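Residue 86 in this note's numbering is what sits at position 80 of the sequence shown, and the numbering runs on without skipping anything.
Even for Gly, the Cβ is constructed at its ideal location relative to N, Cα and C.
Bear in mind the structure is a predicted one, so any value in this text is a computation, not a measurement.
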Amino acid sequence: MQADERTRCQGAVQEACRGERIAGYRRIRLSTFGRVRGAGFALLATFDHPHFTLGLTDLSELTLARLDRCFDEPIPNPGRGPDG
């Protein structure tokens with residue numbers, strides 16, 4: 007990933023994390039559309055960019071473990087202030 011692309015991605019993540027739905031969380035986990043789709047999960051557009059609805063066919067331990075592997079380890083929410 008090029009430096010300017012990484013900066014744009016970081017800015018988009020920070021902006022999304024400032025949103026009403028996510029700002030209250032102290033830590034977040036990141037993934038990509040490609041990783042989630044590559045693991046076989048359906049993603050449905052919510053018409054609220056950049057959010058998607060994740061479709062699960064079941065809630066078995068195997069499915070949830072496969073979903074868990076799609077995400078990075080938790081990081082501090084970049085949308086919260088330094089005291090957040």
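Short Cβ contact (8 Å threshold) for residue i with residue j
{"i": "glutamine 20", "j": "glycine 85", "result": "yes"}
{"i": "valine 42", "j": "leucine 60", "result": "yes"}
Through-space distance from residue j to residue i, alpha-carbon basis
{"i": "threonine 52", "j": "leucine 70", "result": "22 Å"}
{"i": "glutamate 67", "j": "aspartate 74", "result": "10 Å"}
{"i": "asparagine 83", "j": "arginine 27", "result": "12 Å"}
{"i": "glutamate 79", "j": "glycine 44", "result": "18 Å"}
{"i": "cysteine 23", "j": "leucine 49", "result": "19 Å"}
{"i": "histidine 57", "j": "phenylalanine 39", "result": "10 Å"}
{"i": "arginine 32", "j": "glycine 25", "result": "13 Å"}
{"i": "serine 37", "j": "alanine 29", "result": "17 Å"}
{"i": "arginine 35", "j": "isoleucine 81", "result": "6 Å"}
Of the residues the options, the one placed nearest residue i, counting alpha carbons only
{"i": "aspartate 64", "options": "Arg24, Thr38, Gly46, Leu36", "result": "Gly46"}
Proximity test, residue i beta-carbon vs the ligand GDP heavy atom, cut-off 7 Å
{"i": "valine 19", "result": "Annotation note on the ligand GDP: not contained in the displayed structure, which lists no ligands."}
Residue ranges of each alpha helix (DSSP H) run of no fewer than 4 residues wholly in the segment 35-65, ordered along the chain? 39-44
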